[in-house]
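Q:
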Amino acid sequence: MGPLEGIKIIDISTIVSGPLAASMLGDQGAEVIKIEPPFRGENARVMGPIKEGSGALFAVVNRSKRSLAMDLKQEESKKIIYKLIETADVIIDNFRPGALERLGLDYDSIKKQNPKIIQMSITGYGETGPYSKRRVYDPLIQATAGVCDAQSIEGQPKYMKTLMCDKITSLTAAQAMTAALYKREKTNKGQRVTLSMLDTALYFMWSDSMYNYSWHGDDWAPMPNIADFYEPVKTKDGHIALVAINDSEFAGVLKAIGKEDLLKDERFSTTENRLMNVMEMQEILLNAYSDFTSDELVKRMEENDVPAAKINKREEIFSDPQVINNNSVINTKKNGEDLLKGPKPPANFLDNQCEEPKFMPALGQHSSEILQEYGFSNDEINELIDSEVIQGDKVG
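Start counting the sequence shown at 8; every next residue gets the next number (our numbering).
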């Protein structure tokens, strides 16, 4: 079992930012109960190619969970979720400010049920302020945090073609939850942890994309963005990634492509000079790179200790020798059959080997089972099903 064996998490979040965070802790051994609306499920169930009743996006970020389909807006649900909270360690949500109070799940309410519980609340822009009540999705945070501007091509802002802000928020939330659990070991008290996607995106972006906006005063010279220093390198048959920062790496590039004479060019003599003259340098080098195939160029760079890698198409990831060596992509099974490809849990705990992730739950698959575990009678469960407070299989 993983290092978080024995930790119980209630996941009432939706889409990616919260569910992925809970899934990460589930991968590390925590027990995760996912609560979602009955009969329709949460929105992510229809995102991506549909199989087994759900989209691939939902399947990946909700593996190793049990599903309790319950209408949190019905008064009868409070008795159920309060019962779960009594023995839970963490409850995670990503609702807009005010929603938890309307559901009776604000921190003051839940800590009465369990003073040791940790509430992890994710918002888009924060809990106060002019944008706090807005409905938020990843592209809006990319817009506000300057991510779109940083991706601009010829003045045209671009979105990153992945839900970057959602996923880095997931990583941050997972780290914050484990930090809060560690603190609780010392104090025996729970706490509320809040996290905004905006703050997370700025924290992620700042070190390189914002370094021209970091120093106070005017006694420093701006520099081109580090990202402008490198672009995908077009070869005869595809593209590679090539990053040469220091002097020895740059010398290796020139040796690999037979351009050692550029070492004498003052414009490219130091890292700082190359940053200041990056466009001229790239124009010269890109023409030379196109004389080689991708494999040839990567091999030449490797021989000269220059960081380089072939740019894989997504379908090529599965046959990449390093991906295969690392067992980076694993299959999740249902009834012994491989059904879903996905990333393995990236952290390897040598003393606490994690179990293989379990296939996503069907909507309400574990509703009756969970309520039985928490002491609800068969008659109570069946009545809750009849009144559509929960969706599940009748018992008894």
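We treat Cβ as the ideally placed atom computed from N, Cα and C, and that holds for glycine.
Nothing here was measured: the structure is a model prediction, and the numbers come from that model.
Got a sec, what are the start and stop residues for the alpha helix (DSSP H) SER84 sits in?
A: Here residue 84 corresponds to residue number 77 of the sequence shown, with the count starting at 1. Run containing SER84: 83 to 94, per the alpha helix (DSSP H) assignment.
Q: Helix or strand or just coil, what does DSSP make of ILE175?
A: The count along the sequence shown starts at 1 and reaches residue 175 at position 168. Residue state, collapsed to three classes: helix.
Q: Tell me, please, which residues DSSP counts as bridged to HIS246.
A: Here the question's residue 246 lines up with position 239 in the sequence shown. Per DSSP, LYS241.
Q: In this structure, what does DSSP give as the bridge partners for THR339?
A: Within the sequence shown, residue 339 is the residue found at index 332, counting from 1. LEU347.
Q: In chain order, which continuous runs of the alpha helix (DSSP H) of length 4 or greater are located wholly inside the stretch 20 to 68?
A: 24 to 34 and 63 to 68
Q: My output table needs one value for SER214: the three-state DSSP class, helix, strand or coil.
A: Counting from 1 along the sequence shown, the entry for residue 214 is found at position 207. Helix, per DSSP.
Q: Quick check on the DSSP output: the alpha helix (DSSP H) that includes VAL154 runs from which residue to which?
A: Along the sequence shown, read from residue 1 onward, the residue named residue 154 stands at position 147. First-last of the alpha helix (DSSP H) with VAL154: 154 to 157.
Q: Just grab the DSSP bridge partners of ILE17 for me.
A: Within the sequence shown, residue 17 is the residue found at index 10, counting from 1. ILE17 is bridged by DSSP to ILE40 and ILE98.
Q: Are the Cβ atoms of LYS80 and ILE40 separated by less than 9 Å?
A: For the purposes of this step, residue 80 is identified with residue 73 of the sequence shown, where counting begins at 1. For the purposes of this step, residue 40 is identified with residue 33 of the sequence shown, where counting begins at 1. The Cβ-Cβ distance between LYS80 and ILE40 does not fall below 9 Å.
Q: In the DSSP assignment, what are the bridge partners of LYS317?
A: The residue you call residue 317 lines up with position 310 of the sequence shown. Answer is ILE247.
Q: Just mark ALA186 as buried or exposed, buried being the case when its beta carbon has 16 or more other beta carbons within 10 Å.
A: Position 179 of the sequence shown, counted from the start, is the residue given in the question as residue 186. So ALA186 counts as exposed.
Q: Report the CB separation of MET184 from LEU32 in whole angstroms; it is logged as a contact under 8 Å.
A: As a first step, residue 184 is located in the sequence shown; it is residue number 177 there, counting from the start. As a first step, residue 32 is located in the sequence shown; it is residue number 25 there, counting from the start. Rounded, the Cβ-Cβ distance is 7 Å, consistent with contact.
Q: If you count every other CB in all the chains shown that lies within 10 Å of the CB of MET308, and 16 or more means buried, which is it?
A: Here residue 308 is taken as the residue at index 301 of the sequence shown, counted from 1. By the neighbour-count definition (other C-beta atoms within 10 Å, threshold 16), MET308 is a buried residue.
Q: Residue range of the beta strand (DSSP E) that VAL200 falls in?
A: Taking the sequence shown and counting its residues from 1, one reaches residue 200 at position 193. For VAL200, the enclosing beta strand (DSSP E) starts and ends at 198 to 203.
Q: Beta-carbon separation of ILE125 and MET204 under 9 Å?
A: Here residue 125 corresponds to residue number 118 of the sequence shown, with the count starting at 1. Here residue 204 corresponds to residue number 197 of the sequence shown, with the count starting at 1. Annotated as distal: ILE125 and MET204, with beta-carbon spacing of 9 Å or more.
Q: Is the beta carbon of GLY403 less than 9 Å from the beta carbon of ASN389?
A: Within the sequence shown, numbered from 1, the residue matching residue 403 stands at position 396. Within the sequence shown, numbered from 1, the residue matching residue 389 stands at position 382. Cβ atoms of GLY403 and ASN389: closer than 9 Å.
Q: Given 8 Å as the limit, is there contact between the stretch 107 to 127 and the stretch 44 to 55, that is, 3 or more CB pairs closer than that?
A: Not touching, per the Cβ criterion.
Q: If I follow the unbroken beta strand (DSSP E) through ALA76, where does it start and stop?
A: Here residue 76 refers to the residue found at position 69 of the sequence shown. That run of the beta strand (DSSP E) goes 73 to 77.
Q: Report all residues from its chain with a CB closer than 7 Å to the CB of THR151; omit the five preceding and five following residues, and keep chain order.
A: Position 144 of the sequence shown, counted from the start, is the residue given in the question as residue 151. Closer than 7 Å at the Cβ level, and outside the excluded window around THR151, lie LEU205.
Q: Beta-carbon separation of ALA181 and ALA51 under 9 Å?
A: In the sequence shown, the residue the question calls residue 181 occupies position 174. In the sequence shown, the residue the question calls residue 51 occupies position 44. Going by C-beta atoms, ALA181 is not nearer than 9 Å to ALA51.
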